[in-house]
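Chemist: Could you have a look at this structure, given as structure tokens, before my questions?
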Amino acid sequence: MKYGRTYNFSAGPAMMPEPVLEEIQSEMMNYRGSGMCVMEMSHRSKVFQQIRDEAEADLRKLMGIPDNYKVLFVQGGGTVQFAMVAMNLMKNEGGKACYVETGAWSKKAIKEAQKYGEVKIVASSADKNFSYIPDCSDLDIPDDADYVYICENETINGTTYYELPNTKGKVLVADQSSMFLSRPCDVSKYGLIWAGVQKNVGPAGMAVVIIREDLIRDDLPKFVPTYLSYKTHADNDSLYNTPNCWAIYCCGKVFKYLLDNGGLEAMNKRNEEKAAILYDFLDNSKYFKGAVVKKDRSLMNVPFVSPSKDEDAAVVAASKAAGFDNLKGHKSVGGLRASIYNAMPKDGVEALVDFLRKYEEEHA
Ligand code: PMP
Numbered sequence: 027m028k029y030g031r032t033y034n035f036s037a038g039p040a041m042m043p044e045p046v047l048e049e050i051q052s053e054m055m056n057y058r059g060s061g062m063c064v065m066e067m068s069h070r071s072k073v074f075q076q077i078r079d080e081a082e083a084d085l086r087k088l089m090g091i092p093d094n095y096k097v098l099f100v101q102g103g104g105t106v107q108f109a110m111v112a113m114n115l116m117k118n119e120g121g122k123a124c125y126v127e128t129g130a131w132s133k134k135a136i137k138e139a140q141k142y143g144e145v146k147i148v149a150s151s152a153d154k155n156f157s158y159i160p161d162c163s164d165l166d167i168p169d170d171a172d173y174v175y176i177c178e179n180e181t182i183n184g185t186t187y188y189e190l191p192n193t194k195g196k197v198l199v200a201d202q203s204s205m206f207l208s209r210p211c212d213v214s215k216y217g218l219i220w221a222g223v224q225k226n227v228g229p230a231g232m233a234v235v236i237i238r239e240d241l242i243r244d245d246l247p248k249f250v251p252t253y254l255s256y257k258t259h260a261d262n263d264s265l266y267n268t269p270n271c272w273a274i275y276c277c278g279k280v281f282k283y284l285l286d287n288g289g290l291e292a293m294n295k296r297n298e299e300k301a302a303i304l305y306d307f308l309d310n311s312k313y314f315k316g317a318v319v320k321k322d323r324s325l326m327n328v329p330f331v332s333p334s335k336d337e338d339a340a341v342v343a344a345s346k347a348a349g350f351d352n353l354k355g356h357k358s359v360g361g362l363r364a365s366i367y368n369a370m371p372k373d374g375v376e377a378l379v380d381f382l383r384k385y386e387e388e389h390a
């Protein structure tokens, strides 16, 4: 690879498109004649305002976001959204929400929401180690539920939804962190989509929130900090305080890059091709085994195992020596995991499969 870069299979922060990094590098010392780097720029300046506005406009175009949705850039990454969703969408008294439990990140969301109201787990795949997405076609959703929450792609467990739950008319909220912009998305089916950007889009520390306007409230309980009200961000174009200017700038570059390269349809096609290379290998391997049922496996995060924990560790060490980075599975589940987000080139997946095939020939 150029610049001595490595194929980085990290679950996030993760690889960025090289042309984007090169463009950022070229603008580092003097952004388009402004005489300064974007890092040094006032968030109230005209030039930054344009960067922000273009980022939002490009994201709207990319996802086809309807006019009755606000796009917010909120600091604090994904974890802050676990709390913000519950604080902002649960009723003040007797708040109740339905959560689908599919793995590590939905569990964290559930734990956080329980601080603010009643959480009903309406479906779970805990019985099989979160290796599948439960049937969500006929969930038992109470009439007074404020919303139904899913983690649309479980980064650690490697599952994804190919069909959205039937929410029986209730607002659907989705954590799209590890699949954001990896495939087309009909925003109108959701009340709120949020995504930490450090996997498919940009630097860590920021989340994009796409929220239907009627869900933005101004009667939140007094304990809700000003910064954690969606209304604060919606009323101020995400410029209530000093935002994560650098992340907005980098994300904006990626939005443009995706628009210039065929948009989300093209991304989906590329991602399907890339994932198929790895899954075909795993399906035919006698040594390695995928950890997720076929119908629910993610195109972004591919967890797999070798015959034993010791062998998992040996494969990870050998992969590192061969120039691949971050293939160790999350500490909570073990094994291996290849995260192959938008910016992972097809060559990277092919090279990984070549390595794994050779490893199997030598060790099986
Ligand atoms: N949701 C999902 C699906 C994630 O993968 C992550 C991070 N890996 C988070 C939430 C939490 O994001 P952050 O680390 O930015 O708080």
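The sequence shown: position 164 = 190 (this note's numbering), numbered continuously. Cβ atoms here follow ideal geometry from the backbone N, Cα and C, with glycine treated the same way. A quick note: this is a predicted structure, and the numbers were derived from the prediction, not measured.
1. Whole angstroms is fine: what's the gap from K321's alpha carbon to C276's?
2. Count the CB pairs spanning the stretch 310 to 321 and the stretch 280 to 297 that are closer than 8 Å, and state whether there are at least three.
3. Can you look up Y125 in the DSSP assignment and give me helix, strand or coil?
4. Per DSSP, what kind of secondary structure is Q224 in: helix, strand or coil?
5. Hey, could you find the ends of the alpha helix (DSSP H) S345 is sitting in?
6. Decide if the stretch 300 to 308 is in contact with the stretch 131 to 143; the criterion is three or more beta carbon pairs, one per stretch, under 8 Å apart.
7. Indicate whether the contact test is met: 3 or more Cβ pairs, each with one atom in the stretch 85 to 103 and one in the stretch 188 to 199, closer than 8 Å.
8. Please report how far the alpha carbon of A37 lies from the alpha carbon of N270, in whole angstroms.
9. Quick check on E178: does DSSP put it in helix, strand or coil?
10. Might you give, ordered along the chain, the residues of its own chain that have their beta carbon closer than 7 Å to the beta carbon of P371, omitting 5 neighbours on each side?
11. What residue range does the alpha helix (DSSP H) around L378 cover?
12. Which runs of the beta strand (DSSP E) at least 3 residues long sit entirely within the stretch 182 to 210? Give them in chain order.
13. Would you mind working out which of V328, M326, L353 sits nearest A339, comparing C-alpha positions?
14. Could you check how far apart the C-beta atoms of V126 and V199 are, in whole angstroms? I think they sit under 8 Å.
15. Which of the three DSSP states, helix, strand or coil, is assigned to R243?
16. Apply the 10 Å Cβ neighbour rule to Q107 and answer buried if 16 or more other Cβ atoms are within range, or exposed otherwise.
17. Could you give the distance in angstroms between the alpha-carbon of A364 and the alpha-carbon of F35?
18. Could you check the C-alpha separation between S332 and K117 for me, to the nearest Å?
19. Within a Cβ cutoff of 6 Å, which residues of the same chain sit near C124, ignoring the five residues on either side of it in sequence?
20. Would you say Y305 faces chain E, with C-beta separation under 8 Å as the test?
21. Please report the Cβ distance between P39 and Y283, rounded to the nearest whole angstrom; I am assuming they are in contact, meaning their Cβ atoms lie under 8 Å.
22. Output the distance between the C-alpha atoms of L378 and M41, rounded to the nearest integer angstrom.
23. Assuming the contact rule is C-beta atoms closer than 8 Å, T186 and S203 should be a hit. Round their C-beta distance to whole Å, please.
24. So the alpha helix (DSSP H) R296 belongs to, where does it begin and stop?
25. If you drop the 5 nearest sequence neighbours on each side, which residues of the same chain put their C-beta closer than 8 Å to that of K134?
26. Which residues in the same chain as V390 place their Cβ atom closer than 8 Å to its Cβ, once the five residues preceding and following it in sequence are excluded?
27. With H, G and I counted as helix, E and B as strand and the rest as coil, what does DSSP make of Y367?
28. Hey, F330 and L362: beta-carbon distance below 8 Å or not?
29. Going by beta-carbon coordinates alone, are I50 and G278 separated by less than 8 Å?
Modeler: Once the coordinates are examined:
1. Approximately 34 Å, taken between the alpha carbons.
2. The stretch 310 to 321 vs the stretch 280 to 297: no contact.
3. Y125: strand per DSSP, three-state reduction.
4. Secondary structure of Q224 (DSSP, three-state): coil.
5. Where S345 is concerned, the enclosing alpha helix (DSSP H) stretches over 335 to 347.
6. These segments do not touch.
7. Taking 8 Å as the limit for Cβ pairs, the verdict is that the stretch 188 to 199 does not touch the stretch 85 to 103.
8. The straight-line gap separating the alpha-carbon atoms of A37 and N270 is approximately 21 Å.
9. Assigned with DSSP and collapsed to three states, E178 falls in coil, not helix or strand.
10. So no residue of the chain qualifies.
11. From DSSP, the alpha helix (DSSP H) with L378 extends over 372 to 389.
12. Whole beta strand (DSSP E) segments, 3+ residues: 198 to 201.
13. Out of V328, M326, L353, L353 has the C-alpha closest to the C-alpha of A339.
14. 11 Å between Cβ atoms; not a contact.
15. Per DSSP, reduced to three states, the secondary structure at R243 is coil, with no helix or strand assignment.
16. Per the 10 Å Cβ criterion, buried.
17. Distance between the alpha carbons of A364 and F35 is about 5 Å.
18. Their backbone Cα atoms lie some 47 Å apart in a straight line.
19. Within the same chain, C124 has close Cβ partners K146, V148, I167, A171, V174.
20. Looking at the structure shown, chain E is missing, and only one protein chain is on hand.
21. Taking the Cβ atoms as the reference, P39 lies roughly 17 Å from Y283, outside the contact range of under 8 Å.
22. L378 and M41: Cα-Cα distance of roughly 15 Å.
23. Incorrect: roughly 12 Å between the Cβ atoms, too far for contact.
24. Where R296 is concerned, the enclosing alpha helix (DSSP H) stretches over 289 to 310.
25. Excluding five sequence positions before and after K134, the CB atoms of its chain that fall closer than 8 Å to its own CB belong to T105, F108, given in chain order.
26. According to the sequence provided, residue 390 is Ala. The question's Val does not apply to it. Closer than 8 Å at Cβ, skipping near neighbours: K312, Y313.
27. In the displayed model, Y367 falls within coil according to three-state DSSP, outside both helix and strand.
28. Cβ atoms of F330 and L362: closer than 8 Å.
29. No, these two residues do not count as a Cβ contact at 8 Å.
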